[in-house]
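In this text, residue positions in the sequence shown follow numbering that gives the first Met the number 0: the first is 0, and each later residue adds one. Glycine included, every Cβ here is placed at the ideal spot set by N, Cα and C. Computed from a predicted structure; not experimentally measured. Here's the structure we're looking at; comments come further down.
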Amino acid sequence: MEFVDPNAGESSSTVVRAHHMFVVVVDGVETAIHEGTIHVGLGTVTITSTGNISANSVGGCVVVRGGGGGCVDFTRCGDAAAEGVDSASFVRCGAARAEGARAVSVSRCPAAVVEQTGRVSLERCREARVRGGGALRAERCRRVDVESFGEVRLERCKDVRVDWCGSVEVERCRAVDVIRCGAVTGERCRVVNAVRCGSVAVTRAVVNIRDEEQPQSSHQPISPPSPSSVDSE
0 MEFVDPNAGE SSSTVVRAHH MFVVVVDGVE TAIHEGTIHV GLGTVTITST GNISANSVGG
60 CVVVRGGGGG CVDFTRCGDA AAEGVDSASF VRCGAARAEG ARAVSVSRCP AAVVEQTGRV
120 SLERCREARV RGGGALRAER CRRVDVESFG EVRLERCKDV RVDWCGSVEV ERCRAVDVIR
180 CGAVTGERCR VVNAVRCGSV AVTRAVVNIR DEEQPQSSHQ PISPPSPSSV DSE
């Protein structure tokens, strides 16, 4: 891993600018960075502007820690994770994991795990597990497992499970299990199973309303990308 300092060779009298420090962990190797570029094989981790960092084509496991702020963009990385950042974006990564961000966007990643986040957007993910947040929108995902969100909107997803959420809107989904949620609305779904929900109004769908949850063999736990392989020393 090679670090390139854009200010190398500048006079020591140069005024120090305010900066945001990120910690980048690539396959267990930890580096603090607030400017410049880290070269990792054929990939790079770059400070694009103050408080903004991007990781491109970094294979293996890469974690970016923001210390409570900053924005990070991952593109075509292996197992990518964001911790303690303000916002995070994942595009075409092998696996995506984010915790404690204000906003998270995940697109075309096989696996995604998002926890304790304000606003979440998922698009064309194979398997996604989302826990604890404000608003979620998911489109064209194969399997989505959601728990403890204020607002949930799902469109053209195949296998969906939503538990302990406020309002839930589903459209053109194949199989939907909604458990202990508030208002459930939507249209054009194949099957909607609702258990102990406040109200259910889904048109053009087979709707089953039950008092107790029944085991669903189609739902299997989605394992998050393990950070242990990244943080191991």
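C-alpha gap between residue i and residue j, whole angstroms
{"i": "Glu186", "j": "Arg203", "result": "6 Å"}
{"i": "His33", "j": "Ala110", "result": "29 Å"}
{"i": "Val191", "j": "Gly42", "result": "44 Å"}
{"i": "Cys108", "j": "Ser198", "result": "33 Å"}
{"i": "Val112", "j": "Arg96", "result": "5 Å"}
{"i": "Arg155", "j": "Phe89", "result": "20 Å"}
{"i": "Arg179", "j": "Cys60", "result": "36 Å"}
{"i": "Val14", "j": "Ile46", "result": "Model confidence at Val14 stands at a pLDDT of 35, short of 50, so the residue's coordinates are unreliable and nothing is read from them."}
{"i": "Asp144", "j": "Asp158", "result": "9 Å"}
{"i": "Ala182", "j": "Val105", "result": "26 Å"}
{"i": "Phe148", "j": "Gly67", "result": "22 Å"}
{"i": "Val119", "j": "Val169", "result": "16 Å"}
{"i": "Asn207", "j": "Cys196", "result": "11 Å"}
Close Cβ partners of residue i (< 8 Å) along its chain, the five nearest in sequence each way excluded
{"i": "Gly117", "result": "Ala100, Arg101, Ala102, Gly132, Gly133 and Ala134"}
{"i": "Arg189", "result": "Cys172, Arg173, Ala174, Ala204 and Val205"}
{"i": "Arg91", "result": "Thr74, Arg75, Ser106, Arg107 and Cys108"}
Cutoff 6 Å; reference residue i; Cβ partners in own chain excluding five residues on either side
{"i": "Val3", "result": "With a pLDDT of 46 at Val3, under the threshold of 50, the modelled position of that residue is not reliable, and the figure given next carries that caveat. If we look at Val3 and ignore the five residues flanking it on each side, its Cβ neighbours are Gly35 and Thr36."}
{"i": "Val57", "result": "Val39, Gly42 and Cys76"}
{"i": "Val71", "result": "Ile52, Val63, Ala81, Val84 and Ala87"}
{"i": "Glu146", "result": "Arg130, Asp162 and Trp163"}
{"i": "Val167", "result": "Val151, Val161, Val177, Cys180 and Val183"}
{"i": "Ala54", "result": "Val44, Val61, Phe73 and Cys76"}
{"i": "Arg209", "result": "Val194"}
Where residue i falls, given that 16 or more other Cβ within 10 Å makes a residue buried
{"i": "Arg64", "result": "buried"}
{"i": "Ala80", "result": "buried"}
{"i": "Ala200", "result": "exposed"}
{"i": "His19", "result": "buried"}
{"i": "Ser48", "result": "exposed"}
Spatially closest choice to residue i from the options, by CA coordinates
{"i": "Val24", "options": "Glu114, Gly77 and Arg179", "result": "Gly77"}
{"i": "Val194", "options": "Val161, Glu170, Glu168 and Val169", "result": "Val161"}
{"i": "Arg141", "options": "Arg209, Gly181, Leu153 and Arg125", "result": "Arg125"}
{"i": "Glu211", "options": "Val177, Gly181 and Gly67", "result": "Val177"}
CB contact flag (residue i, residue j, <8 Å)
{"i": "Arg130", "j": "Glu150", "result": "no"}
{"i": "Glu122", "j": "Glu98", "result": "no"}
{"i": "Val44", "j": "Ala31", "result": "no"}
{"i": "Arg152", "j": "Arg136", "result": "yes"}
{"i": "Gly27", "j": "Gly50", "result": "no"}
Close-in-space but distant-in-sequence residues of the same chain around residue i (CB under 7 Å, 5 per side omitted)
{"i": "Arg16", "result": "At Arg16, the pLDDT of 42 sits below 50, so the modelled position is not reliable and the matter cannot be decided from this model."}
{"i": "Pro5", "result": "In this prediction, Pro5 scores a pLDDT of 48, lower than 50, which makes its location untrustworthy; the coordinate-derived value is nonetheless stated afterwards. For Pro5, where only same-chain residues beyond five positions count, the Cβ hits under 7 Å are Glu34 and Gly35."}
{"i": "Glu29", "result": "Val22"}
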